[in-house]
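Here's the structure, in structure tokens; my notes come after.
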Amino acid sequence: MSDASAGLTIRTADACRWDLVSLGEVMLRFDPGEERIAGARNFRVWEGGGEYNVARGLRRCFGRRTSIVTALADNPVGRLLEDLMLEGGVDLSHLRWVEYDGVGREARNGIYFLERGFGLRGAMGMMDRGHTPISQMKPGQVDWDGIFGGEGVRWFHTGGVMCALSAEAPAVAREAMVAAQRHGVVVSYDCNYRPSLWKNAGRQGASDVNRMLAPFVDVMFGHEGDLAAVLCDASHGAPWHSYESYGEMAARVCQEFGNIKVIATTTRRPKTANRNDWGAFGYAEGRACESIRFDDLEVLDRVGGGDSFAAGLIYGLMEAKGLQWALDCGVAHGALAMTTPGDSSMATLGEVERVMAGGSAGVQR
């Protein structure tokens, strides 16, 4: 296996309709800008969702062909989300529309509000996503063999946000992963632990789900500490703080789950809400590496930084550029995504490569 492959076997682009397909929820985000939610009188809206953000970043920044498997209630809010996703360029042929009952008793579209935070006041999100159509999705409702085999897919991505939506959601994700394996599709999974979504089951519930799905994963993502706290036992639950401790943790995970070929995790040290140290670690083929680092990175909107990191890393591995290049690409893309509002990246590949090369923030003329 070459350094460029990082141990992965990826289907050729000409044999597939899609470079990547994601499974996850898409919500409408309400952004009060510089205001706080309780005092705001105007909101800007965006579309957003952990798994969707990866597909959008790969499409918009890196020019890959992506599609999203999701579901929406068929009402004006759902059609607004559809319009925003169409603008993002992600294919919607696998979007499932659910009839709206006029009130939302049976199904309603998810929304969330996010204060960006500033200085000592951290960012704060408030979710309103109960009874959403995708949280009611069950195994057998998606023709995964038709997608992975008939249409052809190179890479499948989902994560812990999707799996936290309902008791059935992990089974839906597992069904998709098993089908992806049957057709030689690379599977990536972002642990993406959210305490609000796992409030009843807690860390142990998230750990149980992630350990159930880990045998079907090729590339594992996580924020700093996710892999230690979610995949491993409590004695290994403390976040790592060095290249050496990361390598040891990743090696333990790969030893237990021999199918996992790549592990990648972001490291973030918040100094204030808008000034963070930002970087990442990666592990493949028995070797750990560390990305370029951005210390004192100025942050406008931190939501979506991890998803943009995942998109950049997937692009690098998909293009067989090697783990180090892919890791640096992900970190640069994530850093740029956090300089603009909204969940999704507004960066270009040229901007990412320029940041990777150490380019300054001077005016480009």
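Counting in the working numbering, the sequence shown runs from 801 upward without gaps.
Beta carbons are placed, not taken as given, at the ideal position from N, Cα and C, and that holds for glycine.
Small disclaimer: the values here were computed from a predicted structure and weren't measured.
> Could you give the residue range of the beta strand (DSSP E) that holds G1082?
Replying inline: The residue labelled residue 1082 in the question sits at position 282 within the sequence shown. Where G1082 is concerned, the enclosing beta strand (DSSP E) stretches over 1075-1084.
> Along the chain, which unbroken stretches of the beta strand (DSSP E) at least 3 residues long are found entirely within the segment 954-1040?
Replying inline: 986-990, 1019-1022
>> Cutting at 6 Å between CB atoms, please list the residues of its own chain near P1141, excluding the five before and the five after it.
In response: Within the sequence shown, numbered from 1, the residue matching residue 1141 stands at position 341. Within the same chain, P1141 has close Cβ partners D1101.
>> For a test of the three-state rule: what should DSSP assign to S822, helix, strand or coil?
In response: Position 22 of the sequence shown holds residue 822. Three-state DSSP puts S822 in a strand.
> Can you list, in chain order, the residues of its chain whose CB lies under 6 Å from that of A873, leaving out five sequence neighbours each side?
Replying inline: For this step, residue 873 is matched to residue 73 along the sequence shown. Taken in chain order, the residues that qualify are V898, Y900, A907, R908, N909, P933.
> Would DSSP call C1129 helix, strand or coil?
Replying inline: In the sequence shown, counting from the first residue as 1, residue 1129 sits at position 329. Residue state, collapsed to three classes: helix.
>> I need the DSSP call for E1153, collapsed to helix, strand or coil.
In response: Against the sequence shown, residue 1153 aligns to sequence position 353. Helix, per DSSP.
> With DSSP run on the structure shown, which of helix, strand or coil describes P876?
Replying inline: Taking the sequence shown and counting its residues from 1, the one referred to as residue 876 is at position 76. The answer is helix: DSSP assigns P876 an H, G or I state.
> In chain order, what residues of the same chain lie with their CB nearer than 6 Å to the CB of A1034, ignoring the 5 residues before and after it?
Replying inline: In the sequence shown, the residue the question calls residue 1034 occupies position 234. A caution first: A1034 carries a pLDDT of 40, below 50, which makes its placement in the model too unreliable to give a value.
> Can you pull the DSSP bridge partners for I810?
Replying inline: Locating residue 810 in the sequence shown gives position 10, where the first residue counts as 1. DSSP output for I810 lists no bridge partner at all.
>> Applying the 10 Å Cβ sphere with the 16-neighbour rule, what's the burial state of S867?
In response: By one-based count along the sequence shown, residue 867 stands at place 67. The residue in question, S867, is buried, as its Cβ has 16 or more Cβ neighbours within 10 Å.
>> Distance check for L965 and Q1004, CA to CA, integer angstroms please.
In response: In the sequence shown, the residue the question calls residue 1004 occupies position 204. In the sequence shown, the residue the question calls residue 965 occupies position 165. Whole-angstrom Cα-Cα distance: 16 Å.
> Going by C-alpha distance, which of G863, A1006, Y989 is nearest L997?
Replying inline: What you label residue 997 is simply residue 197 of the sequence shown in a count that begins at 1. Answer by Cα proximity: A1006.
>> Just verifying my parser: in three-state terms, what is the DSSP assignment at D1107?
In response: The residue labelled residue 1107 in the question sits at position 307 within the sequence shown. If DSSP states are grouped into helix, strand and coil, D1107 belongs with the helices.
> Can you tell me whether F1157 is buried or exposed, with buried defined as 16 or more other CB within 10 angstroms of its CB?
Replying inline: The residue given as residue 1157 occupies position 357 in the sequence shown. Here the sequence assigns Ala to residue 1157, which means Phe is not the residue at that position. Label assigned to A1157: exposed.
>> Applying the 10 Å Cβ sphere with the 16-neighbour rule, what's the burial state of G888?
In response: As a working mapping, residue 888 is identified with position 88 in the sequence shown. Label assigned to G888: buried.
>> If you reduce the DSSP assignment to three classes, tell me which class M827 lands in.
In response: As a position in the sequence shown, residue 827 is number 27, starting the count at 1. Strand.
> Should N1074 go down as buried or exposed, given a rule of 16 or more other Cβ atoms within 10 Å for buried?
Replying inline: Taking the first residue of the sequence shown as 1, we reach residue 1074 at position 274. Buried.
> Could you check where the beta strand (DSSP E) with E1090 kicks off and where it finishes?
Replying inline: As a first step, residue 1090 must be located in the sequence shown, where it is residue number 290. Start and end: 1087-1090.
>> Is it buried or exposed, T958, if we count other Cβ atoms within 10 angstroms and call 16 or more buried?
In response: As a position in the sequence shown, residue 958 is number 158, starting the count at 1. Buried: at least 16 other Cβ atoms inside 10 Å.
> When the Cα of P832 is compared with those of V845, L820, K938, G824, which residue comes out closest?
Replying inline: In the sequence shown, the residue the question calls residue 832 occupies position 32. Looking at the Cα atoms, V845 is the closest of the given residues.
> On the premise that S988 lies in contact with V1019, defined as a C-beta separation below 8 Å, what is that separation, rounded to the nearest angstrom?
Replying inline: Position 219 of the sequence shown holds residue 1019. Position 188 of the sequence shown holds residue 988. Confirmed, Cβ separation roughly 4 Å.
>> Pull the bridge partners of V854 from the DSSP assignment, please.
In response: As a first step, residue 854 must be located in the sequence shown, where it is residue number 54. According to DSSP, V854 bridges with nothing at all.
> By a C-beta neighbour count over all protein chains shown, 10 Å radius and 16 as the cutoff for buried, is R921 buried or exposed?
Replying inline: Against the sequence shown, residue 921 aligns to sequence position 121. Counting Cβ neighbours within 10 Å, R921 comes out exposed, since fewer than 16 surround it.
>> Which same chain residues end up closer than 6 Å to A838 when comparing Cβ atoms and leaving out the 5 residues on each side of it in sequence?
In response: The residue labelled residue 838 in the question sits at position 38 within the sequence shown. There are no such residues.
> What does a CB cutoff of less than 6 Å around A1038 pick up in its chain, not counting 5 residues either side in sequence?
Replying inline: Taking the sequence shown and counting its residues from 1, one reaches residue 1038 at position 238. Only weak support exists for where A1038 lies, its pLDDT of 47 falling under 50; the value from the coordinates is given anyway. Taken in chain order, the list of residues that qualify is empty.
>> Taking only three categories from DSSP, how would you classify R1052?
In response: On the sequence shown, residue 1052 is found 252 positions in, with the first residue counted as 1. It is helical.
> Three-state secondary structure (DSSP) at I1060?
Replying inline: The residue given as residue 1060 occupies position 260 in the sequence shown. I1060: coil per DSSP, three-state reduction.
> Taking the alpha-carbon positions, what's the G1076 to E1090 distance?
Replying inline: The residue you call residue 1076 lines up with position 276 of the sequence shown. The residue you call residue 1090 lines up with position 290 of the sequence shown. Gly is not the amino acid found at residue 1076; the sequence shown has Asn there. Answer to the nearest angstrom: the Cα atoms are 17 Å apart.
> Leaving out the 5 sequence neighbours to the left and right, which residues in its chain are closer than 8 Å to R859 when beta-carbon positions are compared?
Replying inline: In the sequence shown, residue 859 corresponds to position 59, counting from 1. Taken in chain order, the residues that qualify are R865, T866, G888, G889, V890.
> Does the separation of the CB atoms of G850 and G824 fall below 8 Å?
Replying inline: Taking the first residue of the sequence shown as position 1, residue 850 is located at position 50. Taking the first residue of the sequence shown as position 1, residue 824 is located at position 24. Contact: yes.
> With distances taken between CB atoms, is the gap from C816 to R954 smaller than 8 Å?
Replying inline: Counting from 1 along the sequence shown, the entry for residue 816 is found at position 16. Counting from 1 along the sequence shown, the entry for residue 954 is found at position 154. Cβ atoms of C816 and R954: closer than 8 Å.
> Do you know offhand how far V1017's Cα is from A976's?
Replying inline: Here residue 1017 refers to the residue found at position 217 when the sequence shown is read from its first residue. Here residue 976 refers to the residue found at position 176 when the sequence shown is read from its first residue. When rounded, the distance between both Cα atoms is 11 Å.
> From the DSSP output, which residues share a beta bridge with I911?
Replying inline: Locating residue 911 in the sequence shown gives position 111, where the first residue counts as 1. Beta-bridge pairing links I911 to L828, D928.
>> Between A806 and the ligand ATP, is there a pair consisting of the residue's CB and a ligand heavy atom that are separated by less than 7 Å?
In response: Absence of the ligand ATP from the depicted structure is noted, as is the absence of any ligand whatsoever, leaving it without description.
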